[in-house]
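Okay, so the sequence shown: first residue is 1 according to UniProt numbering, each after it adds one.
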Amino acid sequence: MGDERRVKLIRPGDRSEGQLTPGMRREQAVSTERSWAGHVRTEAGMVSGWHHHGDYESHIYVVSGLLRMESGPGGQDVIDAGPGDFVFVPPHTVHREGNPASAEATVIVVRAGSGEAVFNVDGPDRT
Numbered sequence: 001m002g003d004e005r006r007v008k009l010i011r012p013g014d015r016s017e018g019q020l021t022p023g024m025r026r027e028q029a030v031s032t033e034r035s036w037a038g039h040v041r042t043e044a045g046m047v048s049g050w051h052h053h054g055d056y057e058s059h060i061y062v063v064s065g066l067l068r069m070e071s072g073p074g075g076q077d078v079i080d081a082g083p084g085d086f087v088f089v090p091p092h093t094v095h096r097e098g099n100p101a102s103a104e105a106t107v108i109v110v111r112a113g114s115g116e117a118v119f120n121v122d123g124p125d126r127t
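Structure representation (structure tokens):
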């Protein structure tokens, strides 16, 4: 049986550094042609730039802290997710995330799709 058909255990020490974003620490656990999964820590007060994930859809579980997601026309759609909440981000949805709280936030992210995973853009959708 080839490695691609074996169940794998990924321990915290096995994770690799993911894509760099100031104020965020991404640890990649799994990356395949069709998916990505990782552990992300976001500093208090941090806000990312506007971006989307191409053909990937993102499933986010908040472990601790507060996750704020802004999207929609002019960034007017705002949600705050706390521990135990899930957030779903459809493919090609321009958004930015942040942590408006005074403590670090920790989330688990699973993406399903293919192609390039991050596309930085100048701002939110206009319509």
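Glycine included, C-beta positions come from ideal geometry on N, C-alpha and C.
Because the structure is a prediction, the values reported are computed rather than measured.
Query: I'd like the list of long-range same chain contacts for Asp68, defined as Cβ closer than 6 Å, with 5 residues on each side in sequence excluded.; Result: According to the sequence as given, residue 68 is Arg; it is not Asp. The answer, listed in chain order, is Asp80, Gly98, Pro100.
Query: So what does DSSP say about Arg5, is it helix, strand or coil?; Result: helix
Query: Name the two residues that bound the continuous beta strand (DSSP E) containing Val40.; Result: 35-42
Query: Please classify Gly84: is it buried, with 16 or more other beta-carbons within 10 angstroms of its beta-carbon, or exposed?; Result: exposed
Query: Can you tell me the Cα-Cα spacing of Val62 and Phe86, whole angstroms?; Result: 6 Å
Query: On the three-state DSSP scale, how would you describe Asp80?; Result: strand
Query: Starting from Thr106, trace the beta strand (DSSP E) in both directions and tell me its first and last residue.; Result: 105-112
Query: Measuring only the C-alpha atoms, how far is Gly49 from Arg6?; Result: 37 Å
Query: Run through DSSP, which three-state label would Gly18 get?; Result: coil
Query: Do Gly54 and Gly123 come within 8 Å of each other at the CB atom, strictly closer than that value?; Result: no
Query: Would you kindly work out how many angstroms separate the C-alpha atoms of Arg26 and Val47, rounded to a whole number?; Result: 15 Å
Query: Quick one: what's got a C-beta closer than 7 Å to Glu104's C-beta in the same chain, skipping five residues either side?; Result: Arg41, Thr42, Glu43, Ala44, Gly65
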